[in-house]
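So the sequence shown is numbered by our numbering: it starts at 259 and just counts up by one. Glycine included, every Cβ here is placed at the ideal spot set by N, Cα and C. A quick write-up on the structure given underneath.
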Amino acid sequence: MTPWTNRPINALDQIKALQNAVPVIETDRLILRLPLIDDWAVLEPIWTTDRSIHIGGPFTPEAAWLDFNQLVAGWVLRGHGALTICTRDGAVQGMVLLGHEFGDPDPELGWLLTEAAEGHGYATEAASALLPLCRDIYGDAFVSYIAEANTPSIRIAEKLGAVKGTPHPRRTDDVVAYRYTSKGGSND
């Protein structure tokens, strides 16, 4: 019994209900779904190797795990968060997210790929598929925070209609907000 409802509680049913509340988005080649604990073995090098240079890394394994958890927790705290990018055969390729991390002034459309996933257009496809949800929730009030040296991510953001805005006010590593607008112009 839960003390606040006087009804029996089935924890597994509540976990499944929460998981089922997270959208699954499908494209021609990809499935974007709730991150699972088993995904971590594939995703962890995104944070703990030199691949993370544009997101403030490499991180310690503990810091990487905490950042991953923060992105996933967004679903409970804000109603949006990270989705694992999988190919149709179920292979994990990375993550795409609508998140709002600590210290960021605006919510962010972001993507993180494994090394093997780069160069296949997965980030563009996944972010494009998540874009309608971003617009439904935030209208034009979201960005992609991208380090100026990360030209592949800049190309993706521009392809999706973002325009270069202002530097991130709390970061010192040349991170710029690429702002999405319905008019294609800058709001900064």
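Check                                                                                                       : Outcome
Residues bridged to residue 270 (per DSSP)                                                                  : Paired residues: none, contrary to the question.
Spatially closest choice to residue 367 from 302, 296 and 390, by CA coordinates                            : 390
Continuous beta strand (DSSP E) assignments of at least 3 residues falling wholly in the segment 332 to 373 : 340 to 345, 350 to 357 and 366 to 371
Integer Cβ distance of residue 345 from residue 287, believed to fall under 8 Å                             : 6 Å
Residue 425: CB within 7 Å of a non-hydrogen atom of the ligand SAM                                         : What this structure holds is no ligand at all, so the ligand SAM is not there to describe.
Cβ-Cβ distance between residue 332 and residue 357 below 8 Å                                                : yes
Beta-bridge pairing of residue 248 - partner residues as DSSP gives them                                    : Not covered by the structure: residue 248. The range shown for the chain is 259 to 446.
Euclidean distance between Cα positions of residue 285 and residue 382                                      : 11 Å
Residue 446 (DSSP reduced to helix, strand or coil)                                                         : In this prediction, residue 446 scores a pLDDT of 41, lower than 50, which makes its location untrustworthy; no coordinate-derived value is stated.
Within the segment 387 to 422, ranges of the alpha helix (DSSP H) (whole runs, at least 4 residues)         : 409 to 417
Candidates 319, 289, 388 and 283, of which the one nearest residue 299 by Cα                                : 319
Residue 397 versus residue 337: straight-line alpha-carbon distance, rounded                                : 15 Å
Residues near residue 282 by beta carbon distance below 6 Å, same chain, minus five either side             : 291
Distance between residue 393 and residue 508 (C-alpha atoms, nearest Å)                                     : This structure cannot speak to residue 508, because the chain is shown only from 259 to 446.
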